[in-house]
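Below is one structure, written out as structure tokens, with a few remarks after it.
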Amino acid sequence: MNTNLRIFFLNFSHLIFFSAFLILLFSFNANLKAQSIVHRMYYYDPGLVITIGAGPSISFTDVKKNVIFPSQKPVNEWRLSGQMNLEWEFSPILSFRVQMAYAKISGSRPTSNRYFEARLFEMNSGIAINPLALFVPYRTDHKWHPTILLGIGLSYYNSKLLNISDNQIIAQRGYGSGGGLWGYVIEGIAIGGVGLSYKIDNHWSVKFETANRWMDSDKLDSVESTNNSSPYDFYNFTTIGISYKIFKQRKYPMISKK
Numbered sequence: 014m015n016t017n018l019r020i021f022f023l024n025f026s027h028l029i030f031f032s033a034f035l036i037l038l039f040s041f042n043a044n045l046k047a048q049s050i051v052h053r054m055y056y057y058d059p060g061l062v063i064t065i066g067a068g069p070s071i072s073f074t075d076v077k078k079n080v081i082f083p084s085q086k087p088v089n090e091w092r093l094s095g096q097m098n099l100e101w102e103f104s105p106i107l108s109f110r111v112q113m114a115y116a117k118i119s120g121s122r123p124t125s126n127r128y129f130e131a132r133l134f135e136m137n138s139g140i141a142i143n144p145l146a147l148f149v150p151y152r153t154d155h156k157w158h159p160t161i162l163l164g165i166g167l168s169y170y171n172s173k174l175l176n177i178s179d180n181q182i183i184a185q186r187g188y189g190s191g192g193g194l195w196g197y198v199i200e201g202i203a204i205g206g207v208g209l210s211y212k213i214d215n216h217w218s219v220k221f222e223t224a225n226r227w228m229d230s231d232k233l234d235s236v237e238s239t240n241n242s243s244p245y246d247f248y249n250f251t252t253i254g255i256s257y258k259i260f261k262q263r264k265y266p267m268i269s270k271k
């Protein structure tokens with residue numbers, strides 16, 4: 014019985030080994046048949062993208078004359094923002110990014126004889142998703158690349174609320190008394206927006222972005238909503254900038270294995 018059992022296991026092990034050999038052999042042949050020379054334009058090159066941009070910053074707080082568009086009178090609510098991005102592009106669909114931004118924002122409410130001004134320094138991280146790449150195969154000659162932007166970060170700011178008539182300060186936040194860097198007030202933010210880039214060549218692109226930043230408080234303008242209609246202050250950065258991509262150039266011909 015032991016001899017028969019030993020013979021059975023020996024034959025079974027030989028069968029397993031032979032089967033594994035056949036699987037490897039067929040797999041190797043299949044890979045050889047699947048190999049093909051693919052044109053360079055169908056290969057995506059991961060890399061690091063550096064972007065510098067600037068544009069208007071708009072506040073959406075309780076101290077604001079119009080619901081959406083900034084006003085120029087009696088106080089000019091149009092202010093500027095600048096930002097720099099470091100973005101790691103893993104694939105045509107997804108990239109991870111970190112960003113630093115600096116901006117001034119303002120808002121006014123003439124009916125209350127009030128306006129506010131703030132200086133912001135922001136650090137955030139997030140992802141950029143190219144929805145077009147989910148449905149259209151990548152090609153290097155594609156010029157337009159839309160993106161959906163999502164992220165979280167920290168906003169450091171100094172803010173003051175003033176009278177329009179005489180510029181007298183009513184209230185202020187930060188200016189050495191905040192809990193953040195340099196005595197700024199620190200708030201967490203959630204970011205959502207869209208972008209569109211135009212590819213000039215394999216390295217250079219022009220990039221447009223607009224994204225809202227929602228704060229976890231209602232005190233950016235030193236005025237809290239009384240009816241809870243707007244429990245969170247938020248602001249928007251809309252920028253246009255220039256991008257440069259650093260990547261390792263692949264050599265032609267490329268061999269594709271499927």
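For the numbering used here, count along the sequence shown from 1 and bump the result up by 13.
Don't be surprised by glycine CBs; every beta carbon is placed ideally from N, CA and C.
DSSP lists K173 as the beta-bridge partner residues of Q185. In the DSSP annotation of this structure, the continuous segment of the beta strand (DSSP E) that includes L61 starts and ends at G60 to F73.
Judged by beta-carbon spacing, D229 lies within the 7 angstroms limit of G201, meaning their Cβ atoms are closer than that value.
Its chain contains V198 and I199 as the residues whose beta carbon lies nearer than 8 angstroms to that of G192, once the 5 sequence neighbours on both sides are disregarded; these appear in chain order.
In the three-state reduction of the DSSP assignment, W91 falls in the coil class, being assigned neither a helical nor a strand state.
The residue among K220, D234, S238 and Y257 with its C-alpha nearest the C-alpha of G68 is K220. It is roughly 47 angstroms from the alpha-carbon of E130 to the alpha-carbon of P150. According to DSSP, residue pairing for Y57 in a beta bridge does not occur.
Per the C-alpha coordinates, the member of K78, E90 and I259 positioned closest to W217 is I259. Of the residues assessed, R152 falls on the exposed side of the cut-off, its CB having fewer than 16 other CB atoms within 10 angstroms. For the segment 91 to 168, the full-length beta strand (DSSP E) segments reaching 3 residues or more read 92 to 102, 107 to 122 and 127 to 142 along the chain. In the DSSP assignment, I199 falls within the beta strand (DSSP E) that extends over V198 to K212. When rounded, the separation of the alpha-carbon atoms in I140 and G166 is 12 angstroms.
Restricting attention to Y128, S94 and A114, the CA atom closest to the CA of K86 is found in Y128. Just measuring C-alpha positions, the residue of G208, I177 and L162 sitting nearest S138 is L162.
According to DSSP, W195 shares a beta bridge with no other residue. For V76, there is no enclosing beta strand (DSSP E), as DSSP marks it with neither H nor E. Residues of the same chain with a CB within less than 6 angstroms of the CB of L209, apart from the 5 flanking positions on each side, are P159 and F221 in chain order. Per DSSP, F82 has no beta-bridge partner at all. For E222, the secondary structure class from DSSP, reduced to helix, strand or coil, is strand.
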